[in-house]
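Enquirer: Chains as they are written, first to last, in our numbering: chain V, 21 to 248; chain S, 967 to 1372.
Glycine residues also receive a C-beta, built at the ideal position from the N, C-alpha and C atoms.
Computed from a predicted structure; not experimentally measured.
Below you'll find the structure I mean.
Take a look at the structure:
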């Protein structure tokens, strides 16, 4: 079953009287449990594609179906609610809330969803344990390393039990051991919890772990390879 | 909501120095505003009190035509009945009847047009503050000669001193010119140098001989037990004695009464200007906080924080800054206003200038409690308004763009 389905999506930007096509008629499907890397040179449309399927950006034309619901028809408030309940985000610069502890950062999403305190407590500890940070629960982001912060970000992304996780160059700011550690965690979550991950990346180490590699160039899909 | 409040509170302390600068500026702004208003009120209250104690008193009764030209024949009608009524009225604390004549006071050194006030000296002692403002000599202790009490200003102008003679010339009720010699017994110095230069006090019995009517009275001055009873007493007496003119101190000197009302508006306008200036500081600091946290706000909106909550978060941050500044500012103001309300601020360095306006050089700050409530409401209102612009900027952020911002 397709979790995400895009139908002829295009995205046009105006730049100095020039129309730039960041996405050009992209149609693609993602199935539950895929571990996909979206690759391509800078400016190929990777981030625009992730933002579009994540409901952060709306396409100029085409449809984005998440579980057969067309999210391009939702207004901004509906989109915020949709993202909260269906999508996990991992950002390149971690983007944790600096004034909250690791546990509070993970709990935050569940709180927005209206989960009870007992559920929040239990799940946030479980998730932080699953990313190996059960001893760092009460530390704030500035007391954690970059790798640890990104692991908290992964835990946060999973906190809402999303349908899929979008990660925009998640390893770009990490050293090799932190990258390996993060990829191990995400691979495990993909295998154990059947969580769908979609990355945009330049990082060969991430590409090597992916079971599907989509290459974008000039806003078009150049190749779509499934790795056995 | 709890987490939004928690984040907002912690955000306030993210940049401690910046928050402390805003809080300090708000505290100092509130303090300076409230203290200035309290000082202005103190000056005005003292001016009113000084005027009432020295020459206005709470209620005055005259012949209706007296005040236009101080005509010697414009005496209070039926003064005996009026005085009997006043004596039995429970609202009255003290009273005195006076003869007032426009005279020319002269010495070998010069002459000045002044008002001579013939008083019942014993009654006046407990009534007017002239006896307490004697700076040289005594207040009607010598009964042998015709004593006169003069102001320091007049003494300076006519080079007069204790025991010196002062010659007074006036037209009596027959139209004849009369001349009396008085001996200076005391010199007073009130808060009002103009009053000191234009009024002299003698015993009523030293003037009454010049009147055919031995009960001639130009003015009956009354002090009430409570200043707020002035109007009631005025209404009572005006109803009983319609041929006389009964006036309260506010009727006689409306500018003094209106200053008190103007002070309320002065307070609101003055504090609004200070708070407006402070609001720009708040807007600036909150806008800086929003723009600095663009990426974080973008992330919050990306992961599902709706616009209402983003708005509330910025609103709470602003309110927290106010909630810290406001009590501190009010407490500091209250303590200083209370302290200087007791001890007073010595402005003797500019006493000459103050005396020209009828003010003493010691100012006691005064601010009623309801002013503190007004400023609290005003500050909270200004804070709420100040938070709207930064909050709106936060709402306008495009999450996808904000998240990529540096």
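Pairs of beta-carbons, one from the region 1086-1106 of chain S and one from the region 1070-1078 of chain S, closer than 8 angstroms: are there three or more?
Expert: Cβ pair count under 8 angstroms is below three, so no.
Enquirer: DSSP on residue 237 of chain V, reduced to helix/strand/coil?
Expert: Of the three classes helix, strand and coil, the one that applies to residue 237 of chain V here is strand, per DSSP.
Enquirer: Answer yes or no: do residue 190 of chain V and residue 161 of chain V have a C-beta to C-beta separation smaller than 9 angstroms?
Expert: No, Cβ-Cβ distance for residue 190 of chain V and residue 161 of chain V is not below 9 angstroms.
Enquirer: At a CB-CB cut-off below 8 angstroms, which residues of chain S make contact with residue 129 of chain V?
Expert: By Cβ distance, chain S contributes 1269, 1270.
Enquirer: Could you tell me the distance, in whole angstroms, from the CA atom of residue 1050 of chain S to the CA atom of residue 1167 of chain S?
Expert: So the alpha carbons of these two residues sit roughly 24 angstroms apart.
Enquirer: Quick one: list the residues of chain S neighbouring residue 103 of chain V, beta-carbon separation under 8 angstroms, in chain order.
Expert: In chain order: 1268, 1269, 1270.
Enquirer: Listing by chain order, which chain S residues have their CB less than 7 angstroms from the CB of residue 162 of chain V?
Expert: Ordered by position in chain S, no residue passes the 7 angstroms Cβ test against residue 162 of chain V, which lies about 10 angstroms from the chain.
Enquirer: For residue 1250 of chain S and residue 114 of chain V, I'd like the C-alpha separation in whole angstroms.
Expert: One C-alpha to the other measures close to 28 angstroms.
Enquirer: Count the other CB atoms, across all protein chains shown, that sit within 10 Å of the CB of residue 36 of chain V; report buried if there are 16 or more and exposed otherwise.
Expert: With fewer than 16 other Cβ atoms within 10 Å, it is exposed.
Enquirer: Of the residues that make up the region 72-103 of chain V, which ones have a beta carbon closer than 8 angstroms to any beta carbon in chain S?
Expert: Those residues of the region 72-103 of chain V that come within reach of chain S (Cβ to Cβ, closer than 8 angstroms) are 74, 76, 77, 96, 97, 100, 101, 103.
Enquirer: Check this for me: beta carbons of residue 174 of chain V and residue 164 of chain V, under 9 angstroms apart or not?
Expert: The answer is no: Cβ separation not under 9 angstroms.
Enquirer: Which parts of the region 107-174 of chain V are runs of the beta strand (DSSP E), unbroken and 3 residues or longer, counting only runs that do not cross its ends?
Expert: Listed in chain order, they are 107-110.
Enquirer: Less than 9 angstroms separating the beta-carbons of residue 1084 of chain S and residue 1117 of chain S?
Expert: No, the Cβ-Cβ distance between residue 1084 of chain S and residue 1117 of chain S is not below 9 angstroms.
Enquirer: Which bits of chain V does residue 1262 of chain S rub up against, with CB to CB less than 8 angstroms?
Expert: What residue 1262 of chain S touches in chain V: 115, 117, 118.
Enquirer: Terminal residues of the continuous alpha helix (DSSP H) containing residue 201 of chain V?
Expert: Unbroken alpha helix (DSSP H) run through residue 201 of chain V: 196-212.
Enquirer: Please list the partners that residue 1273 of chain S has in chain V, where partner means a Cβ-to-Cβ separation under 9 angstroms.
Expert: By Cβ distance, chain V contributes 96, 97, 100.
Enquirer: Using CA atoms only, rank isn't needed, just tell me which of V/128, V/77, V/57 is closest to residue 96 of chain V.
Expert: Checking every option, the nearest Cα to that of residue 96 of chain V belongs to V/77.
Enquirer: What residue range does the alpha helix (DSSP H) around residue 1356 of chain S cover?
Expert: Per DSSP, residue 1356 of chain S belongs to the alpha helix (DSSP H) from 1335-1361.
Enquirer: Please list the partners that residue 1250 of chain S has in chain V, where partner means a Cβ-to-Cβ separation under 8 angstroms.
Expert: Going along chain V, no residue has its Cβ under 8 angstroms from residue 1250 of chain S, so there is no contact; the nearest lies around 21 angstroms.
Enquirer: Keeping to the same chain, check which residues put their C-beta closer than 8 angstroms to that of residue 988 of chain S; ignore five residues upstream and five downstream.
Expert: Here the set comprises 1247, 1248, 1251, 1287, 1291.
Enquirer: How many whole angstroms separate the CB atoms of residue 1188 of chain S and residue 1061 of chain S, which I take to be in contact at a CB cut-off of 8 angstroms?
Expert: Correct: roughly 4 angstroms between the Cβ atoms.
Enquirer: Looking at C-alpha atoms only, which residue of S/1240, S/1113, S/1009, S/990 is the closest neighbour of residue 1229 of chain S?
Expert: When each option's Cα is compared against that of residue 1229 of chain S, the closest is S/1009.
Enquirer: Find out if the Cβ-Cβ distance for the pair residue 1327 of chain S, residue 1314 of chain S is shorter than 9 angstroms.
Expert: Yes. Within cutoff.
Enquirer: I'd like to know if residue 176 of chain V contacts chain S, where contact means its C-beta is closer than 9 angstroms to some C-beta of that chain.
Expert: Yes - at least one Cβ of chain S is within 9 angstroms of the one on residue 176 of chain V.
Enquirer: Check the Cβ of residue 973 of chain S against every Cβ in chain V and list those closer than 8 angstroms, keeping chain order.
Expert: The answer, in chain order, is 117, 119, 120.
Enquirer: Rounded to whole angstroms, how far is the Cβ of residue 158 of chain V from the Cβ of residue 123 of chain V, which I believe are closer than 8 angstroms?
Expert: Going by Cβ atoms, the distance from residue 158 of chain V to residue 123 of chain V rounds to 7 angstroms, so yes, they are a contact pair.
Enquirer: Once the 5 residues before and after residue 993 of chain S are set aside, which same chain residues still bring their CB inside 8 angstroms of it?
Expert: Excluding positions up to five away in sequence, the list reads 1291, 1294, 1295, 1298.
Enquirer: Please classify residue 1300 of chain S: does DSSP put it in a helix, a strand, or coil?
Expert: The answer is helix: DSSP assigns residue 1300 of chain S an H, G or I state.
Enquirer: From which residue to which residue does the alpha helix (DSSP H) around residue 38 of chain V run?
Expert: Not the alpha helix (DSSP H): residue 38 of chain V falls in the beta strand (DSSP E), residues 38-51.
Enquirer: Could you tell me which chain S residues have their CB closer than 7 angstroms to the CB of residue 109 of chain V, listed as they occur along the chain?
Expert: Under the 7 angstroms cutoff, chain S gives 1268, 1269.
Enquirer: Show which residues of chain S have a CB atom less than 7 angstroms away from the CB atom of residue 132 of chain V.
Expert: Within 7 angstroms Cβ-Cβ: 1270, 1271.
Enquirer: Helix, strand or coil for residue 1178 of chain S? Go by DSSP, reduced to three states.
Expert: Three-state result, residue 1178 of chain S: coil.
Enquirer: Indicate whether residue 104 of chain V and residue 1276 of chain S have their beta-carbon atoms separated by less than 9 angstroms.
Expert: Contact: no.
Enquirer: How is residue 1206 of chain S classed by DSSP in three states: helix, strand or coil?
Expert: Correct three-state label for residue 1206 of chain S: helix.
Enquirer: Can you give the Cα-Cα distance for residue 1112 of chain S and residue 1135 of chain S, rounded to whole angstroms?
Expert: About 15 angstroms.
Enquirer: What does the alpha-carbon distance come out to for the pair residue 1391 of chain S and residue 1088 of chain S?
Expert: Here chain S has residues from 967 to 1372 only, and residue 1391 of chain S is not among them.
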